[in-house]
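Everything on this sheet refers to the single structure shown next.
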Amino acid sequence: MEPIVLAYIGIGLMVGLSGVGSAYGTTIAGNASVGAMKKNGEAFGNYIMLTALPGSQGLYGFAGYFLLDSFGLLQTDIGWGVAASVFGAGLALGLVGLLSAIRQGQVCANGIAAVGAGHDVAGKTLILAVFPELYAIIALAATFLIGSAVAV
Numbered sequence: 001m002e003p004i005v006l007a008y009i010g011i012g013l014m015v016g017l018s019g020v021g022s023a024y025g026t027t028i029a030g031n032a033s034v035g036a037m038k039k040n041g042e043a044f045g046n047y048i049m050l051t052a053l054p055g056s057q058g059l060y061g062f063a064g065y066f067l068l069d070s071f072g073l074l075q076t077d078i079g080w081g082v083a084a085s086v087f088g089a090g091l092a093l094g095l096v097g098l099l100s101a102i103r104q105g106q107v108c109a110n111g112i113a114a115v116g117a118g119h120d121v122a123g124k125t126l127i128l129a130v131f132p133e134l135y136a137i138i139a140l141a142a143t144f145l146i147g148s149a150v151a152v
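9 is the number that my numbering gives to position 9 of the sequence shown; each next residue is one higher, with no gaps.
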């Protein structure tokens, strides 16, 4: 196996896992929105905002790919050290994106249910939902630091 294959497996994990997490997280929140609309259809704007939030982790996975590519790391002649670094960054960002999006979707779903029940908690839910997001941002920053450290 060539080192570039390992690097692209890492890229695939980065984009794929974070995208799957966003799909799950937005589905969790979206299902809660559908249920909440049965009780309070007038708060649709709040439901949309909270449902879309877990989608950002998928974007971070995609941004991580662009970051690593912008450093020129994805060349056919890269060494094993660089390939392992790209793989590690991809695995880390992919797993953090997967899990943080799912957990963020659960936080948003609880807030959506509360808004549907008539409580004014959309803004507070948004603030609480930022906490799982923070770790995806940290993983993206780590991807940037890894890429800049091994850039040729």
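Built from N, CA and C at the ideal position, the CB exists for glycine as well.
Residues in the same chain with beta-carbon distance under 6 angstroms from residue i, minus the five sequence neighbours each way, listed in chain order, please.
{"i": "I146", "result": "S85 and A89"}
{"i": "F131", "result": "none"}
{"i": "A139", "result": "A92, L93 and V96"}
{"i": "V150", "result": "V82 and S85"}
Which residue from the options puts its Cα closest to that of residue i?
{"i": "A63", "options": "G94, V34, E42 and A36", "result": "G94"}
{"i": "N40", "options": "H119, V5, G97 and A7", "result": "H119"}
{"i": "E2", "options": "G79, V96, A36 and S22", "result": "G79"}
{"i": "Y47", "options": "G105, Q75 and L68", "result": "G105"}
{"i": "A141", "options": "V121, K38 and F66", "result": "F66"}
{"i": "A23", "options": "L53, G10, A43 and F44", "result": "L53"}
{"i": "G55", "options": "E42, V5 and G30", "result": "G30"}
{"i": "I102", "options": "M14, G58 and G35", "result": "G58"}
{"i": "L6", "options": "T76, S18 and T26", "result": "T76"}
{"i": "A36", "options": "T143, G72, F144 and A117", "result": "A117"}
{"i": "G16", "options": "L74, G61, L128 and F71", "result": "G61"}
Who are the near neighbours of residue i in its chain, counting only those whose CB is closer than 8 angstroms to its CB and skipping five residues on each side?
{"i": "T125", "result": "L50, V107, C108, N110, G111, I112, A114 and V115"}
{"i": "Y135", "result": "V96 and S100"}
Identify, in the order they occur along the chain, each residue of the same chain with its Cβ nearer than 7 angstroms to the Cβ of residue i, setting aside the five sequence neighbours on each side.
{"i": "V20", "result": "L98"}
{"i": "L13", "result": "G90, L91 and G94"}
Between residue i and residue j, how many whole angstroms is the CB-CB distance? I'm expecting something under 8 angstroms.
{"i": "F87", "j": "I9", "result": "6 angstroms"}
{"i": "F71", "j": "S148", "result": "7 angstroms"}
- request: Would you mind listing the beta strand (DSSP E) stretches within the stretch 83 to 118 that are 3+ residues and don't spill past its ends, in chain order?
  value: Listed in chain order, nothing qualifies, since the stretch 83 to 118 has no complete beta strand (DSSP E) run of 3 or more residues.
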